[in-house]
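The working numbering numbers the first residue of the sequence shown as 31 and each following residue consecutively.
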Amino acid sequence: MKENKLIDKGFDITTKATAKKYPFIKGWKYGDDYKKYTSITVIDLYIDFYMLSDYLNIPLEDYWAIRLKDPNNEYNSTYSIGGFFQELYANQDREMHDFRNKIDTHYKTAYSYIPDELKRMYTYESEYGNSDRLYPAQPSVHNFIVYNE
């Protein structure tokens, strides 16, 4: 699913900028419901979970280490970035949630620096005036999809 070439290029640039900090990010796609919203753009990120495992120094669950390599694996995405990993300590779920939020925040920040002509825009409709003004639809990282080379 593609929006248009300029907007797609904006998300390409944003994803590459985010991948400089988080090298396990390998790409993006629009989330399934992205057209349902006007003020946000739902984005799914392709993740190399083996690289992420090395990055976090947390091993994948044995079950997932095998399944993630299978191209016929029907469980190829997750909302929880830590969902495929062994639980090594009590606070790990909370830390994974915080880590997920850091990726999302970095993505939004990188997006804020690209030119407006590369952004998906919407018109804010208000009964209080100035309804002709365009605003960028903020990206929101939703799912993490298994990246297989």
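Using N, Cα and C, we set each Cβ at its ideal position, and we do this for glycine too. Quantities reported herein were computed from a predicted structural model and do not represent experimental measurements.
{"query": "Expected contact under 8 angstroms - CB spacing of P176 and D134 to nearest Å", "result": "Note that residue 176 is Val in the sequence shown, not Pro. Between D134 and V176 the Cβ distance is about 19 angstroms, and since that is not below 8 angstroms, they are no contact."}
{"query": "Extent of the continuous beta strand (DSSP E) run through D28", "result": "Given that the chain is displayed from residue 31 to residue 179, the structure contains no residue 28 and the question cannot be resolved."}
{"query": "Helix, strand or coil at G57 [DSSP, three-state]", "result": "strand"}
{"query": "For L262, three-class secondary structure by DSSP", "result": "Limits of the chain in this structure are 31 at one end and 179 at the other, which puts residue 262 out of reach."}
{"query": "Where S156 sits in the DSSP three-state scheme", "result": "coil"}
{"query": "Beta-carbon separation (whole angstroms), A140 vs T68, contact threshold 8 angstroms", "result": "With 8 angstroms as the limit, A140 and T68 do not qualify as a contact, their Cβ atoms being about 21 angstroms apart."}
{"query": "Counted within 10 angstroms of its Cβ, other Cβ atoms place I96 as buried (16 or more) or exposed", "result": "exposed"}
{"query": "C-beta atoms of I70 and I55 nearer than 8 angstroms", "result": "no"}
{"query": "Contact check, F129 vs I111, beta carbons under 8 angstroms", "result": "yes"}
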